[in-house]
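Residue numbers (UniProt numbering): 1 to 162.
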């Protein structure tokens, strides 16, 4: 049975939940995911386990340029994994389009599927789905709301069009 360490904390005036196993981050979003056959650890032990992750996210939120070198423990299809890995190659302060991600993973006609995989990204900020914009430079959907996407892009100094 996998042990999941869950920490709840505030970042950018919003409540977030970070979940990690001994292998890496499983989730960082507004709600905890459901894991089958998991032993949950909460409280001080979980906060100690997740403290480096929380410190990195806090530094990012105050504008410190950050490239996250974390280990991940993510469930997902091989296609989703490929998309999430491609997202991690987008440098701080830069963007890519859905089409560019599709091309990068060798599936140039799978733009909609790429969008679906991005929408299922379980780890906000560090797997930077907020850096993906429409072909015309406009903001597109974001699982945690466009208000948060705008905020993250502003932190990184990335221009966008509404």
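No residue lacks a Cβ here, since even glycine has one placed at the ideal position from N, Cα and C.
Can you list, in chain order, the residues of its chain with a C-beta nearer than 7 Å to that of residue i? Leave out the 5 residues immediately preceding and following it.
{"i": "residue 68", "result": "56 and 126"}
{"i": "residue 152", "result": "125 and 130"}
{"i": "residue 24", "result": "70, 71, 72 and 73"}
{"i": "residue 111", "result": "98, 99 and 102"}
Please report the straight-line C-alpha distance between residue i and residue j, rounded to a whole angstrom.
{"i": "residue 162", "j": "residue 9", "result": "29 Å"}
{"i": "residue 48", "j": "residue 109", "result": "44 Å"}
{"i": "residue 11", "j": "residue 78", "result": "31 Å"}
{"i": "residue 148", "j": "residue 141", "result": "11 Å"}
{"i": "residue 81", "j": "residue 137", "result": "25 Å"}
{"i": "residue 60", "j": "residue 143", "result": "19 Å"}
{"i": "residue 118", "j": "residue 146", "result": "14 Å"}
{"i": "residue 85", "j": "residue 157", "result": "23 Å"}
{"i": "residue 122", "j": "residue 28", "result": "6 Å"}
{"i": "residue 13", "j": "residue 51", "result": "19 Å"}
{"i": "residue 1", "j": "residue 75", "result": "15 Å"}
{"i": "residue 38", "j": "residue 45", "result": "16 Å"}
{"i": "residue 30", "j": "residue 106", "result": "31 Å"}
{"i": "residue 42", "j": "residue 120", "result": "24 Å"}
{"i": "residue 116", "j": "residue 32", "result": "20 Å"}
{"i": "residue 54", "j": "residue 160", "result": "27 Å"}
Span of the alpha helix (DSSP H) holding residue i?
{"i": "residue 58", "result": "44-61"}
{"i": "residue 155", "result": "146-156"}
Just reading off the beta strand (DSSP E) that residue i is part of, what are its end residues?
{"i": "residue 36", "result": "Run containing residue 36: none; DSSP gives neither H nor E here."}
{"i": "residue 2", "result": "2-11"}
{"i": "residue 14", "result": "14-20"}
{"i": "residue 27", "result": "25-29"}
Below 6 Å CB to CB, which residues in the same chain sit around residue i once its five sequence neighbours on both sides are set aside?
{"i": "residue 128", "result": "87 and 90"}
{"i": "residue 65", "result": "92"}
{"i": "residue 104", "result": "86"}
Might you give, ordered along the chain, the residues of its own chain that have their beta carbon closer than 8 Å to the beta carbon of residue i, omitting 5 neighbours on each side?
{"i": "residue 4", "result": "19, 20, 21, 26, 35, 38, 39, 40 and 41"}
**Asked** Quick one: complete alpha helix (DSSP H) runs, 4+ long, within the stretch 74-115?
**Response** 78-87 and 98-104
**Asked** For the stretch 17-25 against the stretch 67-83, are there 3 or more C-beta pairs whose distance is under 8 Å?
**Response** yes
**Asked** Three or more beta-carbon pairs under 8 Å between the stretch 131-138 and the stretch 94-110, yes or no?
**Response** yes
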